[in-house]
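All remarks here apply to the structure that follows.
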Amino acid sequence: MTIMYVDQLTLSGGGTLEGQGAKAWTQNECRVKTECSKLPNTLSLNFVNNTVIRDLTSLNSKLFHVNLFGCNNVTFQHFTITAPGDSPNTDGIHIGHSTGVVITDSNIGTGDDCISIGDGAKQVNISKVTCGPGHGISVGSLGRYDNELPVEGIFVTDCIISGTLNGVRVKSWPASKSGCATNMHFEGIIMQNVSNPMIIDQEYCPNNQCTNTAPSSVKIAQVSFKNITGTSATPAVVTLLCSKSIPCESVEVADIDLAYNGNQGNVSSNCANVKPALSGKLNPPICANTTIPAQAA
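Counted the way the numbering used here counts, the sequence shown spans residues -11 to 285.
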């Protein structure tokens, strides 16, 4: 279903959008091929303004459950998304070229990012969301295409992320087009058996699609991770892997307490090309031996 050029829209009532994705997921080749026929989203909102979506469920989408493009002031409240953890490319809510999106008091479990934030997203507020299964809450991936718009003003607070492949993540492609992502804040997050709970990954390249390994040209700055607690399913609890050519700037990490609940070694952090400001309790120690390139200092 696609809704375009509407103002003052309300969708509510407790109904379910049934995507009937199970028969289509085996035909989805977009995860491993750059040339592919995309499956339909369950709900696409294009150039929709001043809209509230509440008390609805999206079930088993063929592709994205919800895709926003060119929207302003859209609120999701008491919104439920459900799909198996292995359903391919079933992002919960994808936000692109949109301003003033609020997602609150919602439950999202799916096979890809619970929430993905693409280029041109500004002033996005995510709070009191339970995410899992899935790939966590992600900014990006960025830098894959020409003329991407800046991302700025992303606030993720008071969320629970459970059993996902990633926690909170910012990702950009290597050898990328230029771009920037700034003023992003992740605070008050509870991780429950999450692989890779905290990530900046500027070498994001799924399924070995990259032939050029030059550093990412996406500038990442003004990022904070605060009061993030819980358990990790992997020993690499914190990964801040920034671009060698454009190191991350103004990254703040405070009050982190993440325990590894497996038996593959001690908890660790992996950092490159970033010097975060550190404060409060830090378990594990964060970026203790990180340097940035001399030419960028």
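Beta carbons are placed, not taken as given, at the ideal position from N, Cα and C, and that holds for glycine.
Everything numeric in this text was worked out from a predicted model, so none of it was measured.
Whether residue i touches residue j by CB criterion (7 Å)
i, j, result
"VAL54", "ILE81", "yes"
"LEU56", "LEU33", "yes"
"SER126", "ARG157", "yes"
"ASN258", "THR219", "no"
"THR14", "LEU47", "no"
"GLU191", "LEU229", "yes"
"LEU5", "ASN16", "no"
"ASN60", "ASN29", "no"
"LYS50", "GLY97", "no"
"GLY141", "ASN171", "yes"
"ASP43", "GLY108", "no"
"VAL144", "PHE174", "yes"
"LYS159", "SER129", "yes"
"MET179", "GLY151", "no"
"THR39", "GLN65", "no"
"PHE35", "ASP79", "no"
"LEU266", "VAL241", "yes"
"GLY268", "ASP243", "yes"
"ILE105", "ILE83", "yes"
"ASP100", "ASN77", "yes"
"ILE103", "CYS147", "no"
"TYR248", "PRO223", "yes"
"ALA261", "PRO235", "First, the residue type needs correcting, since residue 261 is Asn and not Ala in the sequence shown. Contact: yes."
"GLY167", "ILE149", "no"
Residues bridged to residue i [DSSP beta-bridge criterion]
i, result
"CYS168", "LYS207"
"SER231", "Answer is none; SER231 lacks a bridge partner."
"ALA260", "LEU229"
"LYS214", "GLU175, ALA242"
"VAL182", "SER220"
"THR(-2)", "VAL40"
"LEU153", "DSSP output for LEU153 lists no bridge partner at all."
"LEU31", "VAL54"
Terminal residues of the beta strand (DSSP E) in which residue i lies
i, result
"ALA242", "237 to 248"
"VAL36", "Unbroken run through VAL36: none, as it is neither H nor E."
"GLY140", "Before going further, note that residue 140 is Glu rather than Gly in the sequence given. Residues 139 to 145."
"MET(-8)", "-10 to -8"
"GLY268", "265 to 271"
"ASP189", "186 to 189"
"LYS159", "156 to 160"
"THR4", "4 to 6"
"SER150", "148 to 150"
Where the alpha helix (DSSP H) containing residue i begins and where it ends
i, result
"LYS11", "10 to 13"
- Task: Write down every uninterrupted run of the beta strand (DSSP E) in the stretch 39 to 126 whose length is 3 residues or greater and which is fully enclosed by it, in chain order.
- Result: 45 to 47, 54 to 57, 60 to 65, 68 to 70, 81 to 84, 87 to 97, 103 to 105, 110 to 119
- Message: Would the stretch 118 to 133 count as touching the stretch 84 to 91 if we require 3 or more Cβ pairs under 8 Å?
- Response: no
- Task: Evaluate contact between the stretch 200 to 218 and the stretch 251 to 259, counting only Cβ atoms and requiring at least three cross-stretch pairs below 8 Å.
- Result: no
- contact_flag[the stretch 160 to 172, the stretch 199 to 207] where n(CB pairs < 8 Å) is 3 or more: yes
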